[in-house]
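Colleague: Starting off with a structure, shown below.
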Amino acid sequence: MIRHRSRAVRYLVPLLVGALVLGACSGDDDDDEAADTEKTTTTREATTTTTVVPVIAPLTGLIEPTGESVNRGPLWVKIDNNMQAQRPPQAGLDVADVVYEEPIERVATRFLALFHSTMPERIGPVRSTRFLDPGIVWHVGGLYVFSGGTAPKVAAIRESPVQTVDENGMQNSGSRHRDPNFSAPHNLFITPADLLAWDEVADRTPPDPLFAFLDEGEAFGGTAASVVAIPTYSKAKYTWDATIGGWKREQLQRAVGPHLAESGAQIAPTNLIIQQIPTIPDNANDKSLVVGEGNVWVCSAGKCTTGTWSRSDLDSITTFTDVNGTEIELTPGTTWVHFVEGDDAPTITP
Numbered sequence: 002m003i004r005h006r007s008r009a010v011r012y013l014v015p016l017l018v019g020a021l022v023l024g025a026c027s028g029d030d031d032d033d034e035a036a037d038t039e040k041t042t043t044t045r046e047a048t049t050t051t052t053v054v055p056v057i058a059p060l061t062g063l064i065e066p067t068g069e070s071v072n073r074g075p076l077w078v079k080i081d082n083n084m085q086a087q088r089p090p091q092a093g094l095d096v097a098d099v100v101y102e103e104p105i106e107r108v109a110t111r112f113l114a115l116f117h118s119t120m121p122e123r124i125g126p127v128r129s130t131r132f133l134d135p136g137i138v139w140h141v142g143g144l145y146v147f148s149g150g151t152a153p154k155v156a157a158i159r160e161s162p163v164q165t166v167d168e169n170g171m172q173n174s175g176s177r178h179r180d181p182n183f184s185a186p187h188n189l190f191i192t193p194a195d196l197l198a199w200d201e202v203a204d205r206t207p208p209d210p211l212f213a214f215l216d217e218g219e220a221f222g223g224t225a226a227s228v229v230a231i232p233t234y235s236k237a238k239y240t241w242d243a244t245i246g247g248w249k250r251e252q253l254q255r256a257v258g259p260h261l262a263e264s265g266a267q268i269a270p271t272n273l274i275i276q277q278i279p280t281i282p283d284n285a286n287d288k289s290l291v292v293g294e295g296n297v298w299v300c301s302a303g304k305c306t307t308g309t310w311s312r313s314d315l316d317s318i319t320t321f322t323d324v325n326g327t328e329i330e331l332t333p334g335t336t337w338v339h340f341v342e343g344d345d346a347p348t349i350t351p
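Okay, so the sequence shown: first residue is 2 according to the working numbering, each after it adds one.
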């Protein structure tokens, strides 16, 4: 059974199958007339058929129809989650392959979105880096885009094995623009097409898979779940919608309601992972918060299962196992990883 983990099978090149059939020679079997018999040779013309094997996006396990992603690396963008009523809707967040939602200063959350298989027209609002980010991006690499931050936080992300691009770098690439319809600092956006075409982009290697995905025909195991509520910070609520195969997200802090992206679509990841990490110390540059192990709730296909997350070091991926120690496999699609601190836990309604 194939699992989408291996770099070797991440992208399959077109398979060329050729067939060449040569006809056999024939002649009269009569020895007396052998010398005078005309020999006939029949040759079948060689034919070649080409079968194009589809590109499987490593971060979603889905077919990537354009095939363009084989020539680009991962793109990380730090995105605002300002809860004010006048905040601009996030651009591109609804099509990110993976989104990490991080608690910040125990009052709100911010998003770190990972784009690869799909690139929207614009992404933002782009905001500042945080201490949790180096540990998240460390084993993936790629391009990390942010707007700034305090000196220690900026130093921490620049020491990570990613190429960092701040607001000045965005300007150099021609990808930065401030939307006059919104107030600073919630108005900085990038156009990824311009950014990724920039000559200074170093990493154009596709990422390795971060999750194990179910094969076609396999079902996600777990207990039936219709609503998953996370009571802290953004007070997010996810409601399973079988018609779209996703968890429709709402933000209930200050009665924001359905979480709509700039496109008008309600954000609805295929998979939802609630990962419990230690309480984040104030101003602590501690990458180990996402290394080690802890409780996890993994939800997909209208079900949730509890288990353990584990990560041995910064260079390793995080694995998710159920109570029996079996790796949890996700439904191919987008994934939202929601970090919660300390003993915080989701409320799951059947």
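Beta carbons are placed, not taken as given, at the ideal position from N, Cα and C, and that holds for glycine.
1) Between which residues of its own chain and Y12 is the CB-CB distance below 7 Å, once the five residues before and five after are set aside?
2) Can you give me the Cβ contacts of L211 inside the same chain, cut-off strictly under 7 Å, excluding the 5 residues immediately before and after it?
3) Please go through the same chain and pick out, in chain order, the residues whose beta-carbon is closer than 6 Å to the beta-carbon of S235, but skip the five residues on each side of it.
4) When the Cα atoms are used, what is the spatial distance from V166 to W77?
5) G223: buried (16+ other C-beta within 10 angstroms of its C-beta) or exposed?
6) Pull up the distance between the alpha-carbon of I245 and that of A269, whole angstroms please.
7) Please return the same chain residues whose Cβ sits closer than 7 Å to the Cβ of E34, not counting the five positions on each side in sequence.
8) Given P259, which residues of its chain have a CB within under 8 Å of its CB, disregarding the five upstream and five downstream residues?
9) Mapping the DSSP letters down to three states, classify Q164 as helix, strand or coil.
10) Thinking A58 and E65 are a contact (beta carbons under 8 Å), I'd like their distance in whole angstroms, please.
11) In chain order, what are the residue ranges of uninterrupted beta strand (DSSP E) at least 3 long that sit wholly in the stretch 272–336?
12) Using DSSP's beta-bridge definition, name the partner residues of E251.
13) For A92, list the residues DSSP reports as bridge partners.
14) Pick helix, strand or coil for L196, following the three-state DSSP scheme.
15) If you run the structure through DSSP and keep just helix, strand and coil, what is P104?
16) Give the DSSP-derived three-state secondary structure of A152 in the structure shown.
17) Helix, strand or coil: which one does DSSP assign to E342?
18) Spell out a yes or no on whether the stretch 293–306 and the stretch 171–181 are touching, meaning 3 or more CB-CB pairs, one atom from each, closer than 8 Å.
19) Residues in its own chain within less than 6 Å of I349 by CB, not counting five upstream and five downstream?
20) With C-beta atoms as the reference, is T271 less than 8 Å away from T332?
21) For the alpha helix (DSSP H) that contains I137, what are its first and last residues?
22) Given a cut-off of 8 Å, decide if A114 and I158 are closer than it, judged by their beta-carbon atoms.
23) DSSP three-state label for C26, please.
24) Over the uninterrupted beta strand (DSSP E) stretch that includes V228, give me the two end residues.
25) Going by C-alpha distance, which of D95, A185 and H140 is nearest I124?
Modeller: Looking at the atomic coordinates:
1) For this step, residue 12 is matched to residue 11 along the sequence shown. Because the pLDDT of Y12 is 43, which lies under 50, any placement of that residue in the model is unreliable, and the number read from its coordinates should be weighed accordingly. Here the set comprises V56, V71 and P207.
2) Along the sequence shown, one-based indexing puts residue 211 at 210. Hits under 7 Å: L60, V99 and I318.
3) Indexing the sequence shown from 1 puts residue 235 at position 234. If we look at S235 and ignore the five residues flanking it on each side, its Cβ neighbours are T110, Q252 and Q254.
4) Taking the sequence shown and counting its residues from 1, one reaches residue 166 at position 165. Taking the sequence shown and counting its residues from 1, one reaches residue 77 at position 76. C-alpha separation (whole angstroms): 10 Å.
5) On the sequence shown, residue 223 is found 222 positions in, with the first residue counted as 1. When all chains shown are included, G223 counts as buried.
6) Here residue 245 refers to the residue found at position 244 when the sequence shown is read from its first residue. Here residue 269 refers to the residue found at position 268 when the sequence shown is read from its first residue. Computed Cα separation, rounded: 8 Å.
7) As a first step, residue 34 is located in the sequence shown; it is residue number 33 there, counting from the start. Per-residue confidence for E34 stands at a pLDDT of 42, beneath the threshold of 50, marking its modelled position as unreliable; no derived number is given.
8) Your numbering for residue 259 matches position 258 in the sequence shown. Cβ contact annotation for P259 (same chain, cutoff 8 Å, sequence separation greater than five): K249, R250, E251 and Q267, in chain order.
9) If you number the sequence shown from 1, residue 164 lands on position 163. Residue state, collapsed to three classes: strand.
10) If you number the sequence shown from 1, residue 58 lands on position 57. If you number the sequence shown from 1, residue 65 lands on position 64. About 4 Å; that satisfies the 8 Å criterion.
11) 272–278, 293–301, 304–312 and 320–323
12) Locating residue 251 in the sequence shown gives position 250, where the first residue counts as 1. E251 is bridged to K238 and P259.
13) Taking the sequence shown and counting its residues from 1, the one referred to as residue 92 is at position 91. DSSP output for A92 lists G125 as bridge partner(s).
14) Your numbering for residue 196 matches position 195 in the sequence shown. Reduced to three states, the DSSP call for L196 is helix.
15) Numbered from its first residue, the sequence shown carries residue 104 at position 103. Strand, per DSSP.
16) Against the sequence shown, residue 152 aligns to sequence position 151. Residue state, collapsed to three classes: helix.
17) Start at 1 with the first residue of the sequence shown, and residue 342 comes out as number 341. It is a strand residue.
18) No, the stretch 293–306 does not touch the stretch 171–181.
19) Walking along the sequence shown from the start, residue 349 turns up at place 348. So the qualifying residues of the chain are A226, V229 and C305.
20) Here residue 271 is taken as the residue at index 270 of the sequence shown, counted from 1. Here residue 332 is taken as the residue at index 331 of the sequence shown, counted from 1. A contact, by the Cβ cut-off of 8 Å.
21) Locating residue 137 in the sequence shown gives position 136, counting from the first residue. Counting along the chain, the unbroken alpha helix (DSSP H) around I137 starts and ends at D134 to V138.
22) Position 157 of the sequence shown holds residue 158. Position 113 of the sequence shown holds residue 114. Taking 8 Å as the Cβ cut-off, I158 and A114 do not qualify as a contacting pair.
23) For the purposes of this step, residue 26 is taken as residue 25 along the sequence shown, with counting starting at 1. Only weak support is given to the placement of C26: the predicted model assigns it a pLDDT of 37, under 50, and the value that follows is read from those uncertain coordinates. C26 falls in the strand class under three-state DSSP.
24) Counting from one through the sequence shown, the residue named residue 228 turns up at place 227. Segment V228 to A230, the beta strand (DSSP E) holding V228.
25) Walking along the sequence shown from the start, residue 124 turns up at place 123. Among D95, A185 and H140, the Cα nearest to that of I124 belongs to D95.
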